[in-house]
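Written out below as structure tokens is the structure these notes cover.
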Amino acid sequence: MAKFTPNPALETLLARMVAPDVQRIAHQVEVEAKRLAPPTKRWVTVADDRVRPTHVQAQGQVVPGNLRFTINSMDWDRKHRGVGPNTYMLQPRDQTSRAVANLKNCRCATAIDPEGIARNISTSQPVVTGKRVTVTVTARGPMVVEAEVGTVYSGNLIADGAHFMARAAAAVAARR
Ligand SMILES: [Zn+2]
């Protein structure tokens, strides 16, 4: 039995030949991930002098759409509702946060950015190392890992992961 082992120079040549194909596949993953990525949301106050300090502090906070804002707790909620130093809200006046004082008479709103995560997903150029071709699809931004895999906030508030990167890779793999 003869066994053919390509020499390293040939392996590198082959790797360079397939590199554009690998990158094309990775780019399809990028496109799919952008489609599946959750939006981001921003905490917006009415910015007058009646906004409570805990919400003044939250003004402008941006989080992925499947996660919660981190708001400083109010003393009443800490004493009577058992929340810790932070209160975790999906949006202003979110009763699932278990706060009461921190919701009452709140006039804040949420601004949605549909591309908030998608615009920061990108595909690298192929890197050929010996016989290996590496192309990386990357999502950058605050809390993108938690947006992908989910997280648990204190008080056992669970945020499910959006799994947009994993689902994108699976969708592209299924086409092949
Ligand atoms: Zn408010």
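In this note's numbering, the protein residues as written are 7 to 182. By construction, the Cβ of each residue, glycine as well, lies at the ideal position given by its N, Cα and C atoms.
_Could you give the first and the last residue of the continuous beta strand (DSSP E) run that contains R138?_
Annotation: the continuous beta strand (DSSP E) that includes R138 extends over R138 to T140.
*Is V57 near ligand 1, in the sense that its beta carbon is under 7 Å from a heavy atom of that ligand?*
For V57, the Cβ falls inside the 7 Å cut-off from some heavy atom of ligand 1.
*Does DSSP classify L109 as helix, strand or coil?*
In the three-state reduction of the DSSP assignment, L109 falls in the coil class, being assigned neither a helical nor a strand state.
*asked:* Contact defined as beta carbons within less than 8 Å: I believe V50 pairs with T102. What is the distance between those atoms, to the nearest angstrom?
replied: Incorrect: roughly 20 Å between the Cβ atoms, too far for contact.
_Test item, CB below 5 Å from any non-hydrogen atom of ligand 1_ = With 5 Å as the limit, the residues whose C-beta approaches any heavy atom of ligand 1 more closely are H61, C112 and C114, in sequence along the chain.
*Please name the residue in D54, V141, E38 and T76 whose C-alpha comes closest to that of S160.*
Per the Cα distances, T76.
*asked:* If you follow the alpha helix (DSSP H) that A177 is in, where does it begin and where does it stop?
replied: Counting along the chain, the alpha helix (DSSP H) containing A177 begins and ends at F170 to R181.
*For D119, which three-state DSSP category applies?*
Strand.
_Proximity to A25 [Cα-Cα], best of R138, D54 and H61_ = R138 is the residue among R138, D54 and H61 whose C-alpha sits nearest the C-alpha of A25.
*My understanding is that R104 touches R87, with C-beta atoms under 8 Å, so please give their C-beta distance in whole angstroms.*
Beta-carbon to beta-carbon, R104 and R87 are separated by about 5 Å, close enough to satisfy the 8 Å threshold.
*asked:* Beta-carbon within less than 7 Å of E17's beta-carbon, same chain only, minus the 5 sequence neighbours each way: which residues are those?
replied: Within the same chain, E17 has close Cβ partners G136 and K137.
*Residues in its own chain within less than 6 Å of P98 by CB, not counting five upstream and five downstream?*
Only C112 and C114 meet the Cβ criterion.
_Presumed contact (8 Å Cβ cut-off) between F170 and A8, rounded CB distance_ = Contact doesn't hold; Cβ gap of about 48 Å is too wide.
*Inter-residue spacing [alpha-carbon to alpha-carbon] between E121 and A168*: The alpha-carbon atoms of E121 and A168 are separated by roughly 15 Å.
*asked:* Out of A174, K110 and S128, which one is the CA nearest neighbour of K56?
replied: Before going further, note that residue 56 is Arg rather than Lys in the sequence given. Considering only alpha carbons, the answer is K110.
*So who's on the other strand from W49, going by DSSP bridges?*
Looking at the DSSP assignment, W49 forms a beta bridge with T116.
*Got a sec? Which residues, its chain only, sit under 6 Å from T157 by beta carbon, not counting five neighbours each side?*
Only residues of its own chain outside the window of five on either side were considered, and among them A165 have a CB closer than 6 Å to the CB of T157, listed in chain order.
_Same chain only: Cβ atoms within 6 Å of I118, ignoring 5 sequence neighbours per side_ = Closer than 6 Å at the Cβ level, and outside the excluded window around I118, lie P45 and K47.
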